[in-house]
Structure formats: structure tokens, C-alpha cells
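Peer 1: Residue numbers (UniProt numbering): 1 to 635. Note that beta-carbon positions come from the ideal geometry of N, C-alpha and C, so glycine has one too. Quick caveat, the model's predicted, so the values are computed rather than measured. The structure that follows is given in the form of C-alpha cells.
Below, the structure written as C-alpha cells:
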């Protein structure tokens, strides 16, 4: 990067880039007398003539020094992005041309820093990535054309993080096909170590080299142009840099997934230090279609080596537990991982001490997205050897207490209630209602502890089939726990209430109460997700006219968005001043929508799922459940 900073003044702005639209179209229409002009060749109506001209251009481009070549590459990028399945350009030598252009950029830095050549490696790598994202036939052509070595050169950081992002995307596509994976494995150790390093450090790199640089004149000009198509507005650049940094991390994890799903390099990927980093990598609000770190953790949980390494890392287990008891879209992945660890006798007793106190709150969960009987599966995993090992010394009294609670609730109480007649159930419903009224009265009088005790009494006699009544009682008890400053108990009760709601995780009062409890414990991500879904429920339940957003919810979202900002840790690490302005209340809706919804520009993470790739091993689910609009101004 030093050589780029020294030569920044040699990078004039490309006028074509300032006229580029979001779709990537460039204003290159002009009279031309050059018979070998690429743009004129593209317009040639005669197929044979056009194909010969394009092939000739691809052969000559790496060996000439033409200032207009960067515009050709920009046009090729646009074609590759919009027509990635069109076989014409891949059949005419585009991969060989792009590979040579990248090699030229890496080896000849004097050429790279002249005119507009600095844009060359980025566009060339993106052309390769776009054409290889859907068709294995194109991926095979790319490998045969020798693209892996130059892409690896970019991945090493020979230029900057901008080019790394394009390179790791392309390498991820090549690694996801069975037919081209073998060629990628020739560089396996270096690729895996580079991907791990990038995933762990890229956020700090982007912050240090771009976002944290407040003086726009000190930011690399070509980075600014690529990020914002020449708009050059500081806030827009920061937002786009945040998106691209997240994509760089997610594509690095995607590449690691390609190896891990095939059981490759597990000992490398399962290094304790990296697993700790991995648990903190959140898809979050920037890349809403990527599971980030938990996606790779789940892949690792399918292997014996992975389960053993993860079970020995308490930080990872705690993160999985928090995720399993949240309203994050990837909640089911946290549950999946814990169940895999609990079912393995070699890891079960390393995990059960931590996991039981979290999973006990989920035993009433019926369905989660397309998954059914989730609570029953959790119950079965926790009680796997309960009867035979009731007094097992390796378990603490706390774990025994939770397992007894699950046994009494899901086995003993269920057996007894099968004998209850409808009349008896109705009698219980009335009695529960009376006790709840007493609890509500105590609450209004300010006797919170007595109110909590009454809610507990109501739960003990409330039949399991009365799910709605149990949901309300748990939620009310959670409010008592909040007022008594017992955040863990409040999280437990509100989670149980949310598991009883239909569908799960939609009871607005429980969401808000759990969000406050998570805030008390400093769990910003979990609090943020609950606050967003709570606010969404307020919007959906409101009148058709303008919805009034509760100030307290808007404040909580603003607070937690600051805490979960992608560069929060990086900012702390580089000891830099805060970048950007604080969120204004009037702007909150737009910013939340912007971070949760679609974004303009290159959507490299959502261009294709990990599933559907030929020979990708176990499937990584990236078809994320889309929530209803988080915030919307009703018309």
C-alpha cells in the first residue's frame, strides 16, 4: 500500500467514471476511426467479424500500452455482471486476457501507476469472478487459462484490499465446483492461511486505510471512484466501504467453507485463535444474505475435528448459546451447532454445562422457519442419557436442576395432562386467570417480588396446551425480573414467551423486554435484533397513516447500531477518533432500512448461494429467511 500512497497524485480522475451509472454504463459514444476499436467491434453486426475482432483484442491487450484499455475493462466488467451466462466472451479468450492483465499489474508497478492503469486489476478480477459464478464450464476455462496464480497474487495483498475483495470472490467461485476445486487445492495451505488472515484483519485494514482517514484528499482516489462511481461524498464512501469490507470478510469465509465442507485443512481452520475471531464475525446488517462466522462454525461441527476444537473453546460455545436464544435470522444455526455437539459423546460433557441453561428456554419452541419440532429435538438432546446418569458426578448441581425442570415439564407434566378432561382444563384456565389478576394487582401496587411469585404460581398449574396464557405469564414475569434488575432471568422468561408465540419470536412485549435485558448485559447484537423486530411489529400493527415510532425503541436501535458498527473494534484498535456523525432521530428509519435492505453497487455476496454448486459437499444455507420490512413510513 505504501507505493500507492506515494503515487496518489499520479492518479487523474477518469471522466468516464464520473458519468457511470449504478448499472455500470459508461459514456464512451464518440466518433472513431480506429479499425481495431473494441467498442466498435462490439457493435459489428456480422458475427464472424465481431468474434474475430474481439479475440484479436483479447490477445493484444496485455502486450500493448493503450490508455483506453481501462475503459474496455470497465465495459467488460459491465457485460460480465449483467450477462454472466453468455458464452461468447469466455469462448474468445477473455480469461487468458484478464489473467495476463493482472500479472502485468502485479509485476510492472511503473505501468500500474501510469494513467488509469491502477483500475486494471480490480476490473480484471471482477470479470473472472462474474463469469465463473454460475457455470462450471466457464470456471474450467478460467482455470485452464491460468487465472489462479494471478488471483492469488492479488489475494496476497500486492496492491490493496480493494483488489483482494475481487480476487477472493473469484477464487471462492472456482473452489465451489468439484471440477475446479482440485486446481485450487494446489495452493491449499497458502489460500487457507490467507483467507483466515483476511477474515480476521480486513475490517481493521479498511478502517485504517480508508474509513478512518477523515481527510478525503488523503484517501486513495481510485478507491473513492470505485466505491461511489465518482460521487465523492464522504458519508456515501464510508457506507460503501463498510459494505465492501463486510463482503471481503464474508467472501474469505466462503472460500474457507469450500475447504471445510470437503474436510480439507480442518486443523488449520480450527486454530483456537481463529475460532475466537470467527465467533465474533457477524453477517449483521450489512450483508443480510451471509451467515458470516456461524456458517463456517456449523460446517466445522459436521466433522469430528471441528466439534472437538469448538467444544474446547468456551468463547465460541457462549456465542452459539447467545445466538440460539435470539431473534437473529441465523438463530437456527446456533441451535444446530449445539445439538451436533450435544449428540457427540466426546463433546457432550464439554458443552452441556454451558448450553443447558440456554437451551432449557427453547424446549417449547415448535417451529423455526422451515424447521419443525425444534423444541422436541432440543429436549431429546438434553435428556439423551438423563435417566441412566441422573447422579453423574461430572454434571454440576445447576445442570441437574435444569435437566430436572425439563424432565418434569416435558415428560412428567405431559403424562399427567393427557388424563385431564376438557372440563378440567377449563377449570385450570379460570384459576390461572384469577391468579394472574392477583399478580397484576400486586404489580400495580409496586410489590414486584410478590407479583413475580404469583406469576410463578400461575405457571405451575397452567396446562401446557394453553400456550397463549403461558406466553403472557412468562412475559409478565420477565417484566418483574427486569424491575428487580435480574437480566438473565428476564432473558430466560421472555425467550420462553417468544417460543410460545405463534409464529415464534413475534410477541412484541417480550421482544422489547428481552432487548432491555440484553442491553443490561452488554449484548448489543442480540438487543439490536430484538429492538428491530419489536419496532417492525409496532409498524405492522399501526394504522394505515403515518406510524409514530416510539422514542425509546429508536434510541435503543441507535445505541446498539453504534455498538455493533462493523468498524467499532477496528476503531478501538487503531486508537482513532470516531468517524461519521451521530445518528439523527429523523434519519434513523432511512439508515436502518439502508443497512437491512438491498444496497446499490456490486452485490457479490448475494450473487449465488453456497448451495447448488456442483460437489460443494454439505450445503451451506444462504437463502436467508427474509423478515418483513423493518421500518416503513405508511403512506
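Grab me the residues of residue 69's own chain with a C-beta within less than 7 Å of its C-beta, minus the 5 sequence neighbours each way, in chain order.
Peer 2: Around residue 69: 61.
Peer 1: Report yes if the C-beta distance between residue 258 and residue 176 is below 8 Å; otherwise report no.
Peer 2: In this structure, residue 176 lies closer than 8 Å to residue 258 by Cβ.
Peer 1: Straight-line CA distance for residue 374 to residue 342?
Peer 2: Distance between the alpha carbons of residue 374 and residue 342 is about 15 Å.
Peer 1: In the DSSP assignment, the alpha helix (DSSP H) including residue 90 goes from what residue to what residue?
Peer 2: Its alpha helix (DSSP H) spans residues 88-91.
Peer 1: Considering only their Cβ atoms, is the gap separating residue 133 from residue 187 smaller than 8 Å?
Peer 2: Going by C-beta atoms, residue 187 is not nearer than 8 Å to residue 133.
Peer 1: Using a threshold of 8 Å, state whether the C-beta atoms of residue 432 and residue 405 are closer than that.
Peer 2: Going by C-beta atoms, residue 432 is not nearer than 8 Å to residue 405.
Peer 1: Starting from residue 350, follow the alpha helix (DSSP H) in both directions and report where the run begins and ends.
Peer 2: Residues 348-359.
Peer 1: In terms of residues, what are the limits of the alpha helix (DSSP H) holding residue 63?
Peer 2: Residue 63 -> no alpha helix (DSSP H), and no H or E assigned at all.
Peer 1: Taking only beta-carbon atoms, is residue 106 less than 8 Å away from chain D?
Peer 2: This model lacks chain D altogether, as it is built from one protein chain only.
Peer 1: Let me check you understand the geometry: is the CB of residue 181 closer than 7 Å to at least one non-hydrogen atom of the ligand ATP?
Peer 2: Of the ligands one can find in the structure shown there are none, so the ligand ATP has no counterpart to examine.
Peer 1: On a CA-only basis, which of 574, 63 and 94 is nearest residue 75? Give me that one, please.
Peer 2: It is 94 whose Cα lies nearest to the Cα of residue 75.
Peer 1: Residues in its own chain within less than 7 Å of residue 236 by CB, not counting five upstream and five downstream?
Peer 2: Counting only Cβ-Cβ distances below 7 Å, and skipping sequence neighbours, we find 228.
Peer 1: What does DSSP give as the partner residue(s) for residue 371 in the beta ladder?
Peer 2: In DSSP, residue 371 forms a bridge with 368.
Peer 1: Is it true that the CB of residue 139 sits closer than 8 Å to the CB of residue 180?
Peer 2: In contact: residue 180 and residue 139 (Cβ atoms closer than 8 Å).
Peer 1: For residue 326 versus residue 353, is the C-beta distance shorter than 8 Å?
Peer 2: Taking 8 Å as the Cβ cut-off, residue 326 and residue 353 do not qualify as a contacting pair.
Peer 1: Between the C-alpha atoms of residue 119 and residue 372, what's the straight-line distance to the nearest angstrom?
Peer 2: Rounded to the nearest angstrom, the two C-alpha atoms are 50 Å apart.
Peer 1: So for residue 438, helix, strand or coil by DSSP?
Peer 2: Helix, per DSSP.
Peer 1: Does the beta-carbon of residue 446 have 16 or more other beta-carbons within 10 angstroms, so that it is buried, or is it exposed?
Peer 2: Exposed is the call here.
Peer 1: Measure the Cβ-Cβ separation of residue 570 and residue 194 and say whether it is below 8 Å.
Peer 2: Result no, Cβ atoms of residue 570 and residue 194 do not sit closer than 8 Å.
Peer 1: Please state if the CB of residue 272 and the CB of residue 313 are separated by a distance shorter than 8 Å.
Peer 2: In contact: residue 313 and residue 272 (Cβ atoms closer than 8 Å).
Peer 1: So, under 8 Å CB-CB, residue 143 and residue 128 are touching, yes? Tell me the CB distance rounded to an integer number of Å.
Peer 2: The Cβ separation is near 10 Å, so there is no contact.
Peer 1: Between which residues of its own chain and residue 171 is the CB-CB distance below 8 Å, once the five residues before and five after are set aside?
Peer 2: 148, 151, 152, 155, 184, 191 and 255, listed in sequence order.
Peer 1: Roughly how many angstroms lie between the CA atoms of residue 348 and residue 105, to the nearest whole one?
Peer 2: For residue 348 and residue 105, the distance between alpha carbons rounds to 52 Å.
Peer 1: Have a look at residue 526 and residue 491 and give me their C-alpha separation to the nearest angstrom.
Peer 2: Approximately 11 Å, taken between the alpha carbons.
Peer 1: Apply the 10 Å Cβ neighbour rule to residue 510 and answer buried if 16 or more other Cβ atoms are within range, or exposed otherwise.
Peer 2: It counts as buried.
Peer 1: For residue 496 and residue 474, which I take to be in contact (beta-carbon distance under 8 Å), what is that distance rounded to the nearest angstrom?
Peer 2: Contact flag correct, Cβ pair sits at about 5 Å.
Peer 1: Count the other CB atoms, across all protein chains shown, that sit within 10 Å of the CB of residue 424; report buried if there are 16 or more and exposed otherwise.
Peer 2: That one is exposed.
Peer 1: Exposed or buried, which one is residue 552 when buried takes at least 16 other CB atoms within 10 Å?
Peer 2: Result: exposed.
Peer 1: Which residues in the same chain have their Cβ closer than 7 Å to the Cβ of residue 84, if we skip the five residues on either side of it in sequence?
Peer 2: Taken in chain order, the residues that qualify are 130, 131, 133 and 134.
Peer 1: Secondary structure at residue 147, three-state DSSP: helix, strand or coil?
Peer 2: DSSP places residue 147 in coil when its eight states are reduced to three.
Peer 1: Should residue 398 be labelled buried (16 or more other beta-carbon atoms within 10 Å of its own) or exposed?
Peer 2: By the neighbour-count rule (16 or more Cβ atoms within 10 Å), residue 398 is not buried but exposed.
Peer 1: Can you check which of these residues, 201, 329, 300 and 422, is closest to residue 261 by C-alpha distance?
Peer 2: Residue 300 is the option with its Cα nearest to residue 261.
Peer 1: Need the endpoints of the alpha helix (DSSP H) that residue 121 sits in, please.
Peer 2: 120-131 is the extent of the alpha helix (DSSP H) around residue 121.
Peer 1: Contact defined as beta carbons within less than 8 Å: I believe residue 427 pairs with residue 463. What is the distance between those atoms, to the nearest angstrom?
Peer 2: At roughly 10 Å, the Cβ-Cβ gap does not stay under 8 Å, so residue 427 and residue 463 are not in contact.
Peer 1: If you reduce the DSSP assignment to three classes, tell me which class residue 482 lands in.
Peer 2: Helix.
Peer 1: Please report the residue range of the alpha helix (DSSP H) in which residue 491 lies.
Peer 2: 487-500 is the extent of the alpha helix (DSSP H) around residue 491.
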